[in-house]
Ligand code: ACO
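Numbering (UniProt numbering), first residue to last: 3 to 325.
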């Protein structure tokens, strides 16, 4: 059977680092409040002339470089974003052009913070079915453009950035020791729309809109829904939580991550945390965290890596990868 193996990973962060103290000059907040409630100390902010496809292209180039491949080797680009360059075309096709790629197919996926897990799962299905051979899966966001900079309850939580992986269809004997994506699950439930949304769009207001969130409700839903999909994903391949080497969750908030890990019995030293420096970069947070943990030598070939995300929609999902 075919399996999707991770060949490379890369990321890009805008140069401008914004600290909590910087934000305290704009809204009535403090470093102490933000650190205590979220674990966030800083986030990056895109330059005025940077668009999401710029961040995505940089991350994709770095992922290709780490895979020892070029755009000529790729036949599918799946880009997850909630902050596209334009309403259309898809940001993925701009990235395709930036990479000098005129073959293959490219499209965007919209699942808010779960976007990378959705994109990975979609690409995995293309690869396992033989519809594509090698895919770039990218998460890229410029949330600074959809934040209400007068709302202290949301503007302190998010950051800009991009991350990408290269997946390759590879023959496997089907063993759980073999490299690649072992299992993935996606969920959504549209009833929770009002708790987390951007209050604009082409067919409703004709404007871009701003992010609105009921933080307490989101917190409750996140801690409530995520453990089930994680245990279901592990059950799919008959592995226990103890087998997981690295837990790489969507980096929304340190308290959500800690509460989830504790509920599952995953010890803190197995949890990859980047929220302190990146804040919540939505669909970019997981590939950004993967890149950090691969580069610093934590995630090694053969390790079992569990990804998890939840976000607006609501959407949520998990993926289990033998690195
Ligand atoms: N600085 C200072 N004070 C603040 C700030 C701020 N930035 N924001 C809110 N406050 C105040 C509130 O106004 C409130 O004051 P009041 O008691 O006088 O009314 C007080 O702090 C407490 O506010 P709460 O909302 O009750 O604070 P809470 O402990 O719930 O923390 C938080 C808020 C951090 C947003 C929390 O609810 C949370 O983590 N929610 C999950 C949010 C999240 O991670 N969303 C993203 C996930 S999905 C996705 O990634 C898109």
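Every residue, glycine too, gets a C-beta built ideally from N, C-alpha and C.
Secondary structure of residue 122 (DSSP, three-state): helix.
Non-local beta-carbon contacts of residue 235 in its own chain, meaning distances under 8 Å to residues more than five positions away in sequence, involve 185, 186, 187, 308, 320, 321 and 322 in chain order. Residue 255 counts as buried, since at least 16 other C-beta atoms from the protein chains shown sit within 10 angstroms of its C-beta. Rounded to the nearest angstrom, the gap between the Cα atoms of residue 66 and residue 168 is 7 Å. The DSSP assignment places complete beta strand (DSSP E) segments of no fewer than 3 residues inside the region 86-150 at 107-111 and 136-144, in order along the chain.
Bridge partners of residue 318 according to DSSP: 189 and 312.
For residue 274 and residue 42, the gap between their C-alpha atoms comes out near 14 Å.
The way I'd put it, the region 22-42 doesn't touch the region 66-86; fewer than three beta-carbon pairs between them come closer than 8 Å.
Note on geometry: alpha-carbon atoms of residue 4 and residue 306 lie some 19 Å from one another. Between residue 85 and residue 143, the beta carbon gap of about 5 Å places them in contact (Cβ cut-off 8 Å). One thing to note: residue 200 has its Cβ within 9 Å of the Cβ of residue 212. DSSP places residue 79 inside the beta strand (DSSP E), whose first and last residues are 78-82.
For residue 168, no alpha helix (DSSP H) run applies; the uninterrupted beta strand (DSSP E) run containing it begins and ends at 162-173, by DSSP. In its chain, beyond the 5 residues on either side, 77, 78, 106, 107, 125, 128 and 171 have a beta carbon closer than 8 Å to the beta carbon of residue 134.
The C-alpha of residue 243 lies about 25 Å from the C-alpha of residue 286.
Less than 9 Å divides the Cβ of residue 11 from the Cβ of residue 292. At a threshold of 8 Å, residue 155 counts as near the ligand ACO, since its beta carbon sits closer than that to one of the ligand's heavy atoms.
Residue 241 and residue 310 have their alpha carbons spaced roughly 16 Å apart. When distances are taken from the beta-carbon of residue 252 to the heavy atoms of the ligand ACO, the shortest one is below 8 Å. Within the region 181-245, the complete alpha helix (DSSP H) segments of 4 residues or longer fall at 217-238, listed in chain order.
For residue 43, no beta strand (DSSP E) segment is defined, and its DSSP state is neither H nor E. Counting C-beta pairs closer than 8 Å gives three or more between the region 152-160 and the region 212-222, which meets the contact rule.
Here the alpha carbon of residue 304 sits roughly 34 Å from the alpha carbon of residue 315. A direct Cα-Cα distance of roughly 19 Å separates residue 288 from residue 233. Excluding its 5 nearest sequence neighbours in each direction, residue 114 has C-beta neighbours in its own chain below 8 Å: 84, 198, 284, 285, 313, 314, 315 and 317, listed in chain order.
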